[in-house]
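In the working numbering, the protein residues as written are 26 to 100.
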Amino acid sequence: MAHRWELPLTSEEANSTGYIHGNAKSHLFNSETGMSYCKKYWQKPYYASEIKYTGKDRDFCKKCLKKYKRLEEVE
Ligand SMILES: [Zn+2]
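This is the structure:
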């Protein structure tokens, strides 16, 4: 299943940059449904730019990270 790390975007009228704030965590999004794996966010697939997983776990959503590691083990 396709998935990628993205920063959740706010609605366009809320913030001109589109990003919530500087220390927002990246979430793992399902590229088919646009749903984050922690179920907290939905956004249009491939709308935000992809974030590379760097191994710095504190920059990433804990729930999504757990899922991500499980997915990577299986593949
Ligand atoms: Zn998440």
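Ideal placement from N, C-alpha and C gives every residue a C-beta, glycine not left out.
Own chain partners of residue i with C-beta closer than 7 Å, once the 5 adjacent residues on each side are dropped
| i | result |
| --- | --- |
| S56 | A27, H28, R29, P70 and Y71 |
| Y66 | P33 and H52 |
Distance between residue j and residue i (C-alpha atoms, nearest Å)
| i | j | result |
| --- | --- | --- |
| E98 | Q68 | 26 Å |
| I54 | Y78 | Here residue 54 turns out to be Phe, not Ile, going by the sequence shown. Distance between the alpha carbons of F54 and Y78 is about 13 Å. |
| D82 | K88 | 11 Å |
Buried or exposed (CB count within 10 angstroms, at least 16 for buried), residue i
| i | result |
| --- | --- |
| S51 | buried |
| E75 | exposed |
| L90 | buried |
| L96 | exposed |
Which ranges does the beta strand (DSSP E) cover as unbroken runs of at least 3 residues, wholly within the segment 51 to 92, from first to last along the chain? You should have 52 to 55.
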